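Novice: The structure is given below, and queries will be raised subsequently.
Residue numbers (the numbering used here): 1 to 806.
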């Protein structure tokens, strides 16, 4: 048997210590701020590639865990791009005279949009002021009167001649009421009085009117009525002609004013779109001069809406921008990203809208620049992602209300689509990227650049120096207390703990920053002026204390015996394993009793957790590996005539992971070899079919979990944990654990094979296997092999004796 000290992990390997003198300064007062992005060279290269390639589809997906500085990095990179002046544009909507429901988009140089809007306000003001004056001028009034007088004169002459003709025939004009209307009618005059034509037949019957006279009156009435209709038609034609002459006169007098206003605007804005709009506006203005006359309409809002054709809606204004816009959209709803068309409730006519209620979203405000959003938040509204894909593929954006998309059109407006040129940066996690890349073909076409943020970086002098610079930046930005070099070293050690390896430092700087902030807080509470290592330790202790209630409750049950656990003595088929409970904000280890019972049989290994469907896939895989290990070692020349049951005692919440597979093998070997296992040692580590111990996760939490129970129940001096040899580099044990191990009260062992582990647990050699398949005499493997051989003989004898039951 080898010496157990051969497997004991040295104290120097239990925790990486950061020497404060490595930083080359006494405190952060001696450190200069540095805005360099730390530990993300790969991601930075990818982001720069995406930002600098202007080809379609080179939008960027930034992947990584929360706290690695993705958002901060993106903002710094974007703002750190070369300050090249861009020809930004203002984007406006104006009235479409050919299709009023489709407002026209007008592009103007940056800063010109507001001027154009103001110019059109001045046009309306000028026309409302001067048009009435022109139409009230003496010159216009005189010509207007002349035209009206001539028309009246002609109508009077024609009317007089017609009336004379009627009187000569013995008729006169008479107004007849038809409901709410009246119209002229021709009636005969008998004995100086007008008589309706219907009454004449009665007079003929009564002998008051001769038949010949009646016939003459009827014939004349029909003839005169026809002439009257022709006269009325000619009158209506003359009225229309009069109206047209008056309108033509108005245009003649007002057109110079309209032309002058429009020409001033045209000279100010050389855009072809503006000129086309103004040309149509001129025609509209001279055809609708009533707009500019003083209105008696008391509703000011309605009077204002009458000039919507003159409105300019500047939806994107870049008057103060000289560089590419950078928009960080923190609430990517459909309305915020793509804009909307607002509606207002108007009295008596319900809801209404017009081009002035078109609103731009962040995608349009970022035109010519960059838009940063979170992928997770995008999917909070189902319509956002399809619309974003459509926009980026077509490079056009159509503004509409979200309700239009789902519930049918609620707005008659369909604004003209706008050309866009924007680089979109999505921030998300690796799992989301994989899902999107696999199931959405458009995603891979429009997000061709992936920038993957790492959670760790090498633990070297260069990166340690960057830790000091990071803390200095935090102190400067948030007015924290200065840090002594020992405090910076303590923060670096916490970085290694979070990374989970001695040779790595975490790049989840949000976690490091929280520790630094809280260390500054506890330093201030203590009335001291500089943060030191003990204050960092205090911050870590307090952080754990806030979230470890579940751990304390479980520890109480282990200490008082509610959960059964032996930490001294020896037991056959019983071994202590280690599990990790991850609560999200806190993870802790807990020892668990694993028991194994074996017998003669054919069932093989029965894993109770697996049979009860309380285990995960990884755990089930580990259980199946046990059978492979046993077959490779002990079933090469005979069948494995064994039944074994394995159980995690008092486990009711499900089990996953393969870190207990080596522990379960130790229990099997103990039960088959009738060898007691030390209960003062607890074991973790996965195993392969060759019996090699493989590394596992959460090694520090597992060691701490068993250490705390031993401390609560009392150290015996022999207690410890067996871990995989490959996990030594992951050790970042608490300082109190390291000190206890240093004093010889607790131990950490590492092993590479099952044989090494079983030797520590039993005090018996594992036993090498000879070429003929036999094992070293009286070793653990030899005892197990003999027990399995005995099982095989017994089961063969049992069946040959005829005692087999159906």
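Note that the Cβ used here is the ideal one computed from N, Cα and C, for glycine as well.
Nothing here was measured: the structure is a model prediction, and the numbers come from that model.
(1) Could you check the C-alpha separation between residue 317 and residue 21 for me, to the nearest Å?
(2) Determine, using beta-carbon pairs with one atom in the stretch 751-759 and one in the stretch 560-568, whether at least three such pairs fall under 8 Å.
(3) Where does residue 392 sit, in a helix, a strand or coil, going by DSSP?
(4) So does residue 707 have its beta carbon nearer than 6 Å to some heavy atom of the ligand ADP?
(5) Please determine, among 467, 454, 374, the residue with the shortest C-alpha to C-alpha distance to residue 432.
(6) Could you pull out every residue in the same chain whose Cβ sits closer than 6 Å to the Cβ of residue 203, ignoring the five residues on either side in sequence?
(7) Shortest alpha-carbon distance to residue 363 belongs to which of 344, 384, 376, 380?
(8) Helix, strand or coil for residue 789 per DSSP?
(9) Taking buried to mean at least 16 other C-beta atoms within 10 Å of its own C-beta, is residue 400 buried or exposed?
(10) Which same chain residues, not among the five before or five after residue 273, have their C-beta less than 6 Å away from its C-beta?
(11) Using three-state DSSP, classify residue 428 as helix, strand or coil.
(12) Roughly how many angstroms separate the alpha carbons of residue 16 and residue 529, rounded to a whole number?
(13) Which residues bound the beta strand (DSSP E) around residue 720?
(14) How would you write the range of the alpha helix (DSSP H) that residue 92 sits in, first residue to last?
(15) From the DSSP output, in three-state form, read off residue 7 for me.
(16) Can the beta-carbon of residue 389 be found closer than 7 Å to that of residue 442?
(17) With respect to the alpha helix (DSSP H) encompassing residue 672, which residues constitute its N-terminal and C-terminal limits?
(18) Around the C-beta of residue 544, are 16 or more other C-beta atoms found within 10 angstroms, so that it is buried, or is it exposed?
(19) Would residue 9 and residue 728 qualify as a contact pair, given that the criterion is a beta-carbon distance under 7 Å?
(20) Does the distance from the C-beta atom of residue 483 to that of residue 531 stay below 7 Å?
(21) Taking the alpha carbon of residue 449 as the reference point, which residue from 23, 58, 38 has its own alpha carbon closest?
(22) Helix, strand or coil, according to DSSP, for residue 581 in the structure here?
(23) Could I get the ranges of all uninterrupted beta strand (DSSP E) runs contained in the stretch 166-212, with 3 residues as the minimum, in chain order?
(24) Let's test the definition: count the other Cβ atoms within 10 Å of the Cβ of residue 77 and tell me whether it reaches 16, buried, or not, exposed.
(25) My understanding is that residue 321 touches residue 108, with C-beta atoms under 8 Å, so please give their C-beta distance in whole angstroms.
(26) Spatial neighbours of residue 277 within its chain, please: CB distance less than 6 Å, with the 5 preceding and 5 following residues excluded, ordered by chain position.
(27) Hey, could you find the ends of the alpha helix (DSSP H) residue 514 is sitting in?
(28) Which residue wins for smallest C-alpha separation from residue 249, given the options 218, 156, 286, 213?
(29) Where does residue 256 sit, in a helix, a strand or coil, going by DSSP?
(30) Touching or not, the stretch 592-609 and the stretch 662-680, by the rule of three or more beta carbon pairs under 8 Å?
(31) I'd like the list of long-range same chain contacts for residue 312, defined as Cβ closer than 7 Å, with 5 residues on each side in sequence excluded.
(32) Just the C-alpha distance for residue 376 and residue 419, rounded to the nearest angstrom, thanks.
(33) Tell me the rounded alpha-carbon separation between residue 296 and residue 128.
(34) Relative to the alpha-carbon of residue 486, which residue among 18, 451, 12 has its alpha-carbon at the smallest distance?
(35) Quick one: what's got a C-beta closer than 6 Å to residue 775's C-beta in the same chain, skipping five residues either side?
(36) May I have a chain-ordered list of the beta strand (DSSP E) segments no shorter than 3 residues that lie completely inside the stretch 568-654?
Specialist: Taking the geometry as given:
(1) 55 Å
(2) no
(3) helix
(4) Here there are no bound small molecules, and the ligand ADP is not part of this structure.
(5) 374
(6) 209
(7) 384
(8) helix
(9) Under this definition residue 400 is a buried residue.
(10) Counting only residues of its own chain and dropping the five nearest sequence neighbours on each side, residue 273 has a CB closer than 6 Å to the CB of 106.
(11) strand
(12) Residue 16 and residue 529: Cα-Cα distance of roughly 28 Å.
(13) 720-724
(14) Unbroken run through residue 92 is the beta strand (DSSP E), 89-94; no alpha helix (DSSP H).
(15) coil
(16) yes
(17) 661-673
(18) With fewer than 16 other beta carbons inside 10 angstroms of its own, residue 544 counts as exposed.
(19) The beta carbons of residue 9 and residue 728 sit closer together than 7 Å.
(20) yes
(21) 58
(22) strand
(23) Secondary structure remark: continuous beta strand (DSSP E) runs of at least 3 residues inside the stretch 166-212, in chain order: 171-178, 181-190.
(24) buried
(25) With a Cβ gap of about 14 Å, residue 321 and residue 108 do not count as contacting.
(26) 94
(27) 509-525
(28) Nearest option by C-alpha distance: 286.
(29) Three-state DSSP puts residue 256 in a helix.
(30) yes
(31) 92, 94, 116, 117, 120
(32) Cα atoms of residue 376 and residue 419: separation of roughly 27 Å, rounded to the nearest angstrom.
(33) With a pLDDT of 47 at residue 296, under the threshold of 50, the modelled position of this residue cannot be trusted; read the value that follows with caution. So the two alpha carbons sit approximately 14 Å from each other.
(34) 18
(35) 767, 769, 781, 782, 785
(36) 570-572, 574-582, 587-600, 604-607, 642-648
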